[in-house]
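Under UniProt numbering, residues 1 to 244 are what the sequence shown spells out, in order. A virtual CB, placed ideally from N, CA and C, is assigned to each residue, including glycine. Remember, it's a predicted structure, so these values are computed and weren't measured experimentally. Notes for the one structure printed next.
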Amino acid sequence: MENAPCISQIATLLADPKRSAMMWALMDGSARQAEELALLAGLSPSSASAHLGRLSAGGLLNIEMRGRKRFFRLAAPEVGAAIEALASATIASAPRQIPAALKRTTPMVRPQAAPSSLLRARFCDDHLGGTLAADLYQRLLDAGWIEQIEQRVVVTHKGSTRLAQRGVFIQALAHRNVQVACACPDWSERRPHMGGSLGAALLQLFMQSGWLNLPNDSRALQLTATGQREIHRFAAETELETAF
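See below:
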């Protein structure tokens, strides 16, 4: 197909474990020196420089000169989104069941440690990902605002009413050409967070309220002091309803 994008070059660059390790270390949007990336990937400085050269030439990294020092940064937010999508696909394609005889002897395989700033709250496409999002999804589920039926997520009448009180109207979201709600697998939590147009609306609400902000070009979202209080209160309200 003439108009199909050529992804083989990028796939080849990311296929090397050492290169993918260095890319992973840059997922928070930070810029790091070659020496630091070499240490994180377990490479010699010369080998790291060669790998970083290939990644830069392939358009995946930008180089920033600060005096005589060279710093490397993801070339675009889309690069980080692609890497995160691959991480999610890795989890989704992994075996879901472990034979009972192996459960006590087989250690759980976890993804390589990500920058800590990404783990709490981050962009996942157009919605919120990370611990904050996974916790909120579970609380909404426990409170009966949403129901998960096999692979489908449905917003209940109760949830629609409570969300409308906060300025999120399910009927308006239903007119978009995407799912209203879905369980998006979270690679750092091994449990889902809210996707779909509802997930995007919640992220928009949190950012417009000043509870979350986006520093610089990072994909990591920063939780403000007000946000820490208000999002906790939002979650606590849903949790409180389960007691009645």
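The beta carbon of F206 sits closer than 6 Å to the beta carbons of L212 from its chain, once the five residues preceding and following it are set aside; these are given in chain order. The beta carbons of L203 and L128 sit about 4 Å from each other, so the pair counts as a contact at 8 Å. Taking C-beta atoms as the reference points, M65 and A41 fail to come closer than 8 Å. Rounded to the nearest angstrom, the Cβ distance from S30 to W187 is 19 Å, too far for a contact under 8 Å. Put simply, the backbone Cα of T12 is about 23 Å away from that of F71.
In the three-state reduction of the DSSP assignment, G59 falls in the coil class, being assigned neither a helical nor a strand state. By the criterion of at least three beta-carbon pairs nearer than 8 Å, the region 78-86 is not in contact with the region 177-186. According to the DSSP assignment, F169 belongs to no beta strand (DSSP E), since it is labelled neither H nor E. Counting other Cβ atoms within 10 Å of its Cβ, G53 stays below 16 and is therefore classed as exposed.
The beta carbon of Q9 sits closer than 8 Å to the beta carbons of G58 from its chain, once the five residues preceding and following it are set aside; these are given in chain order.
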